[in-house]
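Colleague: Counted the way full-length UniProt numbering counts, the sequence shown spans residues 1 to 59. For glycine and all other residues, C-beta sits at the position ideal for the given N, C-alpha and C. Questions regarding the structure given below will be posed in turn.
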Amino acid sequence: MKRLPILLFAIMFSFTMMFLGSCAVVGGIFKAGAAVGVIAVVVVILIIVWLISLFRGKS
């Protein structure tokens, strides 16, 4: 069961590096406006919470 937290960390790290790791994302958010940035942050947080609850629910 110790592999599950390592696997979850690896998935979350990969997700972060692929989708949130570039300055272009931040620049695009600033060009689009603060409301879009807030919505994007809320969506990412909801996805992270959903993934964590998905893995915790199976144990």
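Just how far apart, CA to CA, sit I39 and F30?
Modeller: Between I39 and F30, the C-alpha separation is close to 13 Å.
Colleague: Can you give the Cα-Cα distance for A32 and V44, rounded to whole angstroms?
Modeller: Distance between the alpha carbons of A32 and V44: 17 Å.
Colleague: Tell me the residue span of the alpha helix (DSSP H) that contains G57.
Modeller: Unbroken alpha helix (DSSP H) run through G57: 34-57.
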